[in-house]
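Protein chains in written order, with the working numbering: chain A, 1 to 132; chain B, 1 to 132.
Here a beta-carbon is modelled for each residue, glycine too, at the ideal position from N, C-alpha and C.
There are 2 protein chains.
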Amino acid sequence: MKGRSTEEPQGGLPRNYLRASLLLLIAETPAHGYDLLEQIAQLGLRNVDPGGLYRALRVMEQDGLVASWWEHSTAGPARRSYKLTDEGVEWLHAWAGALREGRRFLSAYLTRYDKIVEETSTEIHVTENLTS
Amino acid sequence: MKGRSTEEPQGGLPRNYLRASLLLLIAETPAHGYDLLEQIAQLGLRNVDPGGLYRALRVMEQDGLVASWWEHSTAGPARRSYKLTDEGVEWLHAWAGALREGRRFLSAYLTRYDKIVEETSTEIHVTENLTS
DNA sequence: GATTAGTAAGTGTAGACTACACCTATCTGG
DNA sequence: CCAGATAGGTGTAGTCTACACTTACTAATC
């Protein structure tokens, strides 16, 4: 096996899950990157890559989905905070639609998967042969 | 906006959805590519790229997840049929786990999304185009 | 017997995302 | 003074996808 193995790291997540997650969190409350890095675990995401997160934010800004400003606040290093733009809101709605589709797909898939698991586990387990 | 737009083609689907779908269908019944191409719509997938499908099958074979043989059968062109290997079965189970995680993520996400939509829609602020 | 449509299986390639490794700067507490 | 937390970032290889395109055999029609 080269490269792809039986393991599944974050395999079941949809494309752009980072983007979508960040946009949702920012929609709830404007925030800065490090903050989002901690909040994002609430959505069930473990071991989120900080670099990827910051990068995603910058690209989202380039795409006009969020707007940022620096906060040289009370204590600690300066932070770049983000809020949604109108376009960002649109994107959020559009993707929520896509994600709903995605969930529908997953449910269809898993229902069907469960069915064959059930069936094959009641069999006396034959299935082998034809070798080659 | 460059490249990425508000549109969401198959955006909500998990990575490897093609691979996963094919493996499930083959697990149900061994089949050839063209057949799978037609069956796959049952899972809610529209406009599946035939090239991608055939390619996925070959790569899956290289990865040892499926085994193929030619059928120079009754009528029409020869067809290459596929069945799962033991490793393919493992992969299917492992990936089903990942997809279940994925669904959990989507549900968490959508619940949270729906909450903010509800909140912001009770404000005067119209916000039409909910969820599509 | 030539042409078209349907069945079947592919290749080439650019662009997008992810994952992992790595780097910089500021501030606080011991 | 310096370790660790806070904060933000770059480089890059590998992987997937989407779209466009090609080949071949068979059956029916003109």
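With contacts defined as CB atoms closer than 7 Å, B:L92 and B:A27 qualify as a contacting pair.
A Cβ-Cβ contact shorter than 7 Å links B:R103 with A:L106. Listed along chain B are Y109, R112, Y113 and I116, each with a C-beta nearer than 8 Å to that of A:L24. In this model, B:A108 and B:Q10 are separated by some 20 Å (Cα to Cα). When only Cα atoms are considered, B:V66 and B:R55 end up about 13 Å apart. Contact between the stretch 30-41 of chain A and the stretch 80-100 of chain B is absent, with fewer than three C-beta pairs closer than 8 Å.
Contact between B:L37 and A:R112 is ruled out by a C-beta separation of about 17 Å, above the 8 Å threshold.
Using a Cβ-Cβ cut-off of 7 Å, A:A31 does not count as an interface residue toward chain B, since no Cβ of chain B sits closer than that to its own. The residue among A:E101, A:V89, A:E119 and A:T120 with its C-alpha nearest the C-alpha of A:L22 is A:V89. When A:L110, A:N16, A:S121 and A:G64 are compared, the shortest CA-CA separation from A:G52 is found for A:N16.
Taking every protein chain shown into account, the CB of A:S121 has fewer than 16 other CB atoms within 10 angstroms, so this residue is exposed.
Non-local beta-carbon contacts of A:S81 in its own chain, meaning distances under 7 Å to residues more than five positions away in sequence, involve P30, A31, H32, S68, W69 and E71 in chain order. For A:R58, no beta strand (DSSP E) segment is defined; the enclosing uninterrupted segment is the alpha helix (DSSP H) at P50 to Q62. At least one CB of chain A lies nearer than 7 Å to the CB of B:P14. DSSP, reduced to helix, strand and coil, places B:E123 outside both helices and strands of the structure shown, so it counts as coil. A Cβ-Cβ distance of about 5 Å is found for the pair B:G12 and A:P14, placing them in contact under the 8 Å criterion. Any Cβ of chain B closer than 7 Å to the Cβ of A:L84 would place that residue at the interface, and such an atom is absent. At a beta-carbon threshold of 9 Å, none of the residues of chain A lie near B:L37; the nearest stands roughly 17 Å away. By the Cβ-count criterion, B:V48 is buried, with 16 or more other Cβ atoms from all chains shown falling within 10 Å of its own Cβ.
In the structure shown, B:A98 adopts helical secondary structure according to DSSP, grouped into three states. Contact annotation: B:G64 and B:E87 have beta-carbon atoms nearer than 7 Å.
Chain B has a Cβ within less than 7 Å of the Cβ of A:G44.
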